[in-house]
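Right, one structure below, let's go through it.
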Amino acid sequence: MLIGCDGSRSRVRQLRYPTSFQNNSLPIRLLGVLVSFTRSGCHAMLSLDPYFFKGTGPLTSAYLWFSFLSVPPGSNSNDEVVCQIIVSWPYRPGFRGREDAVDPPKSNSGKFLAVYHAGSPELG
């Protein structure tokens with residue numbers, strides 16, 4: 001038995017299937033960020049679920065993943081809580097009213113706005 005766990009550029013897959021090892025690109029773009037909050041700043045999210053939550057915007061087909069990566073024990077409201085936020089969206093013309101398909105932003109401010117407006121059907 002051969003098990004390959006070497007990722008999207010798998011040498012195992014390339015050796016085993018030399019003519020058909022290429023990946024299939026999905027028409028989706030994804031943006032992931034790490035964000036730090038104080039415990040008091042993410043209290044509402046912690047009360048929803050202490051681990052993670054996810055959802056899809058039915059008007060946009062955008063997807064949101066939110067998870068807590070580090071939550072210190074205790075109840076100090078100033079403790080730093082590290083979170084992961086991932087948003088994805090369909091890569092196609094017309095998404096969110098734009099003429100061209102939407103690529104992930106390159107600037108930090110653009111990334112912030114993409115995450116902030118992920119589920120909104122309006123342009124953001």
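With the UniProt record's numbering, the residue at position 37 of the sequence shown is 37, and numbering never jumps.
A virtual CB, placed ideally from N, CA and C, is assigned to each residue, including glycine.
Every value quoted in this text rests on a predicted model; they were computed, and no experiment measured them.
Cβ-based burial, residue i [other Cβ within 10 Å; buried from 16]
{"i": "C5", "result": "exposed"}
{"i": "S61", "result": "exposed"}
{"i": "G124", "result": "Low confidence applies to G124: its pLDDT is 48, below 50, so where it sits in the model is not reliable, and the reading given next is rough at best. With fewer than 16 Cβ atoms within 10 Å of its Cβ, G124 is classed as exposed."}
CA nearest to the CA of residue i, picked from the options
{"i": "D100", "options": "S20, P90, S107 and K106", "result": "P90"}
{"i": "L31", "options": "W65, L69, P72 and V82", "result": "W65"}
{"i": "L46", "options": "V82, K106 and Y116", "result": "V82"}
{"i": "V115", "options": "R96, P93, Y17 and V87", "result": "V87"}
Endpoints, the beta strand (DSSP E) within which residue i is located
{"i": "F53", "result": "F52 to T56"}
Same chain only: Cβ atoms within 7 angstroms of residue i, ignoring 5 sequence neighbours per side
{"i": "G110", "result": "none"}
Residue(s) in a DSSP beta bridge with residue i
{"i": "I28", "result": "P90"}
{"i": "S70", "result": "V82"}
{"i": "S36", "result": "V82"}
{"i": "Y63", "result": "T56 and S88"}
Same chain, Cβ closer than 6 angstroms to residue i, five either side skipped, listed in chain order
{"i": "S40", "result": "S77"}
{"i": "V102", "result": "F95"}
{"i": "T56", "result": "Y63"}
Cβ-based neighbour list, residue i, same chain, cut-off 8 angstroms, excluding 5 preceding and 5 following
{"i": "S10", "result": "G4 and F21"}
Start and end residues, alpha helix (DSSP H) containing residue i
{"i": "F112", "result": "N108 to Y116"}
Interface flag, residue i vs chain D, CB-CB below 8 angstroms
{"i": "G110", "result": "Looking at the structure shown, chain D is missing, and only one protein chain is on hand."}
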